[in-house]
Ligand code: G
Ligand code: G
Ligand code: MN
Ligand code: NA
């Protein structure tokens, strides 16, 4: 209850901030985008991990305000980089299922793009399979988001139960292989088989495939060998502040 009270005030008290995790092309090491990940620094509690406050925000409805703040801050950051002459190709932002309940998700995204001036093609929204399968009008919302020009990625792919028939109908551009399949990719035959199957599926449906949670050179080499050239994970960078991103990644932009 105390956490909930704190959470409600977190935005007005400016305790939330964003970290950004690079997404890279494996063979060249080039930055292809970043994923925004929200962080909460409370004066008493310190850094509260997202696994503690995201579910709470979802249960209490606060996720709508928080999600709106995250999206506008992420878009503002992109414009700041752009204004500084730095070309970050793409910004990925996570959306919760709860954000689709209201039906106003499309106008929220459109409003933020208009207010910040970010080109829609620079934004990629990440949703999980459960968002797609459990939201009544998911297909309609996703079509509307597509029609305003934003990209769509399926996050944690392979952990939910997505109907492939459904996937076929949707204007999705990217599949993100869940990091649970990447972890033991070169030692666990099942994980290896699943990762390869997702890569093949993406290929045959003309989708980009990004591997999540890449922590070692071996994992990256395995992925490249099997036709997946996009990755995100600690091997490249943990989620970082804009200043760190600038220092380590921007010189090549
Ligand atoms: O860094 P990591 O601990 O950031 O994130 C933990 C979980 O919190 C992940 O599943 C991630 O998708 C989720 N998460 C992080 N930032 C956001 C956000 O802005 N919105 C939503 N809905 N989930 C987020
Ligand atoms: O659910 P989603 O994929 O949006 O969340 C990303 C989560 O994965 C964040 O908590 C982020 O900090 C974490 N993460 C990113 N890269 C790695 C990695 O290489 N290894 C592990 N264990 N976690 C990672
Ligand atoms: Mn994600
Ligand atoms: Na994920």
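Residue numbers (full-length UniProt numbering): 789 to 1041.
All residues carry an ideal CB built from backbone N, CA and C; glycine is no exception.
Only a predicted model underlies this, so the values are computations on that prediction, with no experimental measurement involved.
Do the region 994-1013 and the region 789-802 touch if we need at least three Cβ pairs shorter than 8 angstroms?
no
Beta-carbon proximity of residue 824 to residue 915, cut-off 8 angstroms
What you label residue 824 is simply residue 36 of the chain shown in a count that begins at 1. What you label residue 915 is simply residue 127 of the chain shown in a count that begins at 1. Not in contact: residue 824 and residue 915 (Cβ atoms no closer than 8 angstroms).
Contact check, residue 822 vs residue 828 under 8 angstroms by CB: the rounded distance?
As a first step, residue 822 must be located in the chain shown, where it is residue number 34. As a first step, residue 828 must be located in the chain shown, where it is residue number 40. With 8 angstroms as the limit, residue 822 and residue 828 do not qualify as a contact, their Cβ atoms being about 19 angstroms apart.
Please report the straight-line C-alpha distance between residue 861 and residue 806, rounded to a whole angstrom.
Residue 861 sits at position 73 when you count from the first residue of the chain shown. Residue 806 sits at position 18 when you count from the first residue of the chain shown. Approximately 8 angstroms, taken between the alpha carbons.
Collapsed DSSP secondary structure at residue 918 in the structure displayed:
Walking along the chain shown from the start, residue 918 turns up at place 130. Reduced to three states, the DSSP call for residue 918 is helix.
Taking only heavy atoms of ligand 1 into account, decide whether any of them is closer than 7 angstroms to the Cβ of residue 795.
Along the chain shown, read from residue 1 onward, the residue named residue 795 stands at position 7. Answer for residue 795: no, Cβ out of range of ligand 1.
Given a cut-off of 8 angstroms, decide if residue 906 and residue 940 are closer than it, judged by their beta-carbon atoms.
By one-based count along the chain shown, residue 940 stands at place 152. By one-based count along the chain shown, residue 906 stands at place 118. No. Outside cutoff.
Nonlocal neighbours in the same chain, by C-beta distance under 8 angstroms from residue 922, ignoring five residues either side:
In the chain shown, residue 922 corresponds to position 134, counting from 1. The residues are 885.
Write down the C-beta distance between residue 946 and residue 893 rounded to the nearest angstrom, noting that I regard them as a contact closer than 8 angstroms.
As a position in the chain shown, residue 946 is number 158, starting the count at 1. As a position in the chain shown, residue 893 is number 105, starting the count at 1. With 8 angstroms as the limit, residue 946 and residue 893 do not qualify as a contact, their Cβ atoms being about 25 angstroms apart.
Enumerated in chain order, which unbroken segments of the beta strand (DSSP E) with a length of 3 residues or greater are wholly contained in the region 804-838?
804-813, 819-830 and 834-836
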